[in-house]
Amino acid sequence: MNISSENILVTGADGFIGSHLTEALIRSGHKVKAFVQYNSFHSWGWLDDAPYDIRDEVEVIAGDIRDDQFVKDGMKGCDAVFHLAALISIPYSYRSPESYIDTNVKGTFNILQAAREHQIKRLIHTSTSEVYGTAQFVPIHEGHPLHPQSPYAASKAGADLMALSYYHTFQVPVSIVRPFNTYGPRQSARAVIPAIITQIASGKGEIQLGDLLPTRDFSYVSDTVSGFMTVSRSEKTIGEVINIGSNYEVSIGDTARLIAELMNADVTIVQDPARTRPAASEVQRLWADNAKAKQLCGWTPAYGEMDGLQRGLAETIAWFSNPDNLQRYKQGLYQV
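Going by full-length UniProt numbering, the final residue of the sequence shown carries number 336, and the count climbs one at a time with no gaps.
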């Protein structure tokens, strides 16, 4: 299906990746309806900061994906859905696991059921590399066993399996995009790269981090967005799980040192117990095999390997270092 002439719904459009995806879809000429989390401040999240030409084009609907009637009503008239709405903080999932089941599993069920009833032509469901757990082999391809090590990861694995069940049972045309660790402008400072940058940018000489040894495959946000859009345009991806990652592995400690170097900062890294996951819950190694994405739909990262990581970090640093952006973050507060 060519989605260029279709009406598209983005859930979680107020969030980090969702806002970037919404803007990219509109700039590509799509008609976009944006689901945002209802709040009494009438805030659209990061869409509040979108250029006027974006805000004038997007149709924003505030509500809650846990409400099945809201989802059904909002999805009327849509041809394609990008489902990104979710609770995503791993540390908070230790404190409030039931809320992750309600939002990530039941919310996804509501999306799937509405997609089935409205005969949606394409549904792109968002997964996470966390469902793999610590790599049993690298690079991790889509056949790697699922081994979620946190309530968050378990809720996402459950949502993935529910999505695939609707494809097999009811022929809902689902594709599952499994991003690895996306980073870039607008990301929450609960994530490691913004946590490092905001602490340095605010003048701290001592950087508080969790475990420095785990490795991650960092994907720049524009690569993740292009992955979503490319997957949605290929019929070959229906019923498939597709990794979106850079195919490059780097440790948290080395990432922090690289960021300090790019920011010309002399800092000391200190491990903060409050930022450390329970030992058996920490995912020690993630490294994406992205060959399937290239094979099925021709997607490859523009920010791959060390060169791409450095370019992506430089762009991220520039955004966070802008005083107007930095002031949005509470640099002295660790927020789970």
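Even glycine gets a Cβ: it sits at the ideal position worked out from N, Cα and C.
Through-space distance from residue j to residue i, alpha-carbon basis
i	j	result
Arg285	Gly77	42 Å
Gln187	Ala157	23 Å
Val138	Leu309	19 Å
Lys292	Asn243	7 Å
Ser40	Arg27	29 Å
Phe170	Met162	11 Å
Ala279	His141	25 Å
Thr237	Met263	40 Å
Leu112	Ile317	38 Å
Gly312	His168	38 Å
Ala114	Asp254	44 Å
Gly63	Leu84	14 Å
Arg116	Tyr166	8 Å
Ala265	Ala302	27 Å
Asp102	Ile90	15 Å
Leu146	Arg277	19 Å
Glu98	Ala24	33 Å
Best match in the options for proximity to residue i [C-alpha to C-alpha]
i	options	result
Ile120	Gln335, Ser232 and Asn247	Ser232
Gly298	Ala24, Lys72 and Ser226	Ser226
Asp272	Ala279, Asp211, Ala265 and Asn264	Asp211
Gly29	Ala314, Asn7 and Ile269	Asn7
Ser202	Trp44, Ala62, Asn322 and Asn39	Asn322
Gly143	Glu130, Val241 and Met229	Val241
Asn290	Gly304, Tyr52 and Arg277	Gly304
Asp324	Pro185, Tyr166, Ser165 and Glu98	Pro185
His20	Phe228, Tyr248, Val336 and Leu164	Phe228
Residues of its chain near residue i, where Cβ-Cβ distance is below 7 Å and the 5 sequence neighbours each way are ignored
i	result
Lys294	Thr300
Arg275	Gln208, Leu209, Gly210 and Tyr334
Ala154	Pro148
Thr182	Ile17, Ser219, Val221 and Thr224
Ser234	Leu296 and Cys297
Nonlocal neighbours in the same chain, by C-beta distance under 8 Å from residue i, ignoring five residues either side
i	result
Ile252	Val192, Leu209, Gly210, Asp211, Leu212, Leu213, Pro214, Thr215 and Arg216
Thr198	Ala189, Phe320, Leu326, Tyr329 and Gln331
Thr22	Val10, Ala13, Val32, Ala34, Leu47, Ala50, Ile54 and Val58
Nearest-angstrom beta carbon gap, residue j and residue i [assumed within contact, 8 Å]
i	j	result
Val250	Ile200	Contact doesn't hold; Cβ gap of about 18 Å is too wide.
Tyr152	Ile88	7 Å
Arg178	Thr128	7 Å
Val283	Glu130	6 Å
Cβ neighbours of residue i in the same chain (closer than 6 Å, five flanking residues each side left out)
i	result
Gly245	Phe180, Asp217, Ser219, Ala288 and Asn290
Tyr100	Leu87, Ser93, Pro151, Tyr152 and Ser155
His118	Met75
Gly239	Tyr167
Would you call the segment 79-87 and the segment 50-63 in contact, with 3 or more CB pairs under 8 Å? no
Inter-stretch contact (C-beta, 8 Å, three-pair minimum) for the segment 174-181 and the segment 118-132: yes
Any 3 or more C-beta pairs closer than 8 Å across the segment 259-279 and the segment 179-199: yes
Does the segment 88-106 come close enough to the segment 25-34 to have 3 or more Cβ pairs within less than 8 Å? no
Cβ contact check for the segment 59-73 and the segment 132-145: 3 or more pairs under 8 Å: no
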